[in-house]
Amino acid sequence: MFASVAGLGHAFEPDHLLAVGNMVSRRDTTAEALRDGIYWGLGHTTMLVLVGSVVLLSRVTFLTSGYFEAAVGVLLIAMGLSRLVGWDKPINVRPARYQHRLAYTVGLLHGLAGSGALVLLVMSEIRRPLPGILYMLVFGLGSILGMFVVAGLCSIPFTRRMKVNRVLKFGSILLSSVLCVGYGAWMIYVNMKW
């Protein structure tokens, strides 16, 4: 139970909120945004369980450096700039199977960056690999639910009514993009060994 609540709370970390908020600003409906949240959570959980299992089974801790967190910072900057540059361009119509690939990929990278601290925590409390892996799976389910909620909440400002008003649309995209770039730069600065 604690693992699922921790996963739910984990979804509300600033880098997750910014990444998902930026992604859902491209969506026209809340349903599309919610699917992005689910795919983001699935990507995050996939990487967390894969890397976490390797670390738990081999007892190797290669995730303690800040380089993965810095990579998330680079990703946030790229997402912010990409959204700002293409703010008034219509979304290309793509087959349904490709729609949420970006959300899944961003979730994978965030899962890699965040798995170090969680795995170290699990290793300090749970000595056997199977219970540790189960803990990470339950944590992942909580984070999937959390990202579903976050995507839904983040999509509220990007309703159709607001998308019709170009000033409001640009203002919200500008704010989202500047926050992504600023927080991404801060993550790089804090996590790199200068």
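In terms of our numbering, the sequence shown has 50 at position 12, counting the first letter as 1, and numbering is strictly consecutive.
From the three backbone atoms N, C-alpha and C, an ideal C-beta is built for every residue, glycine too.
A quick note: this is a predicted structure, and the numbers were derived from the prediction, not measured.
Residue from the options whose Cα sits closest to the Cα of residue i
{"i": "Met-85", "options": "Tyr-221, Val-144, Gly-118, Leu-191", "result": "Val-144"}
{"i": "Ser-215", "options": "Arg-121, Leu-172, Val-160, Gly-90", "result": "Arg-121"}
{"i": "Leu-212", "options": "Val-123, Leu-168, Glu-163, Ile-164", "result": "Val-123"}
Nonlocal neighbours in the same chain, by C-beta distance under 6 Å from residue i, ignoring five residues either side
{"i": "Val-131", "result": "With a pLDDT of 48 at Val-131, under the threshold of 50, the modelled position of that residue is not reliable, and the figure given next carries that caveat. Counting only Cβ-Cβ distances below 6 Å, and skipping sequence neighbours, we find nothing."}
{"i": "His-82", "result": "Gly-145, His-148, Gly-149, Ser-181"}
{"i": "Pro-195", "result": "Ser-210"}
{"i": "Asn-60", "result": "Met-117, Arg-121, Ser-214, Cys-218"}
Residues near residue i in its chain [Cβ-Cβ closer than 8 Å; skip 5 each side]
{"i": "Ser-42", "result": "Val-176, Phe-177, Leu-179, Gly-180, Leu-183"}
{"i": "Gly-79", "result": "Ala-49, Gly-145, Gly-178, Ser-181, Ile-182, Leu-183, Gly-184, Met-185, Phe-186"}
CB-CB length for residue i against residue j, believed under 8 Å
{"i": "Gly-170", "j": "Leu-217", "result": "Gly-170 to Leu-217, Cβ: 35 Å. No contact."}
{"i": "Val-62", "j": "Asp-74", "result": "6 Å"}
{"i": "Val-219", "j": "Ile-115", "result": "5 Å"}
CB of residue i within 7 Å of CB of residue j, strictly
{"i": "Met-185", "j": "Gly-111", "result": "no"}
{"i": "Val-228", "j": "Met-174", "result": "no"}
{"i": "Ala-151", "j": "Phe-106", "result": "yes"}
{"i": "Val-188", "j": "Val-92", "result": "no"}
{"i": "Met-230", "j": "Ala-108", "result": "yes"}
{"i": "Arg-65", "j": "Ala-71", "result": "yes"}
Residues of its chain near residue i, where Cβ-Cβ distance is below 7 Å and the 5 sequence neighbours each way are ignored
{"i": "Thr-68", "result": "Gly-190, Ser-193"}
{"i": "His-138", "result": "Arg-73, Asp-74, Tyr-77"}
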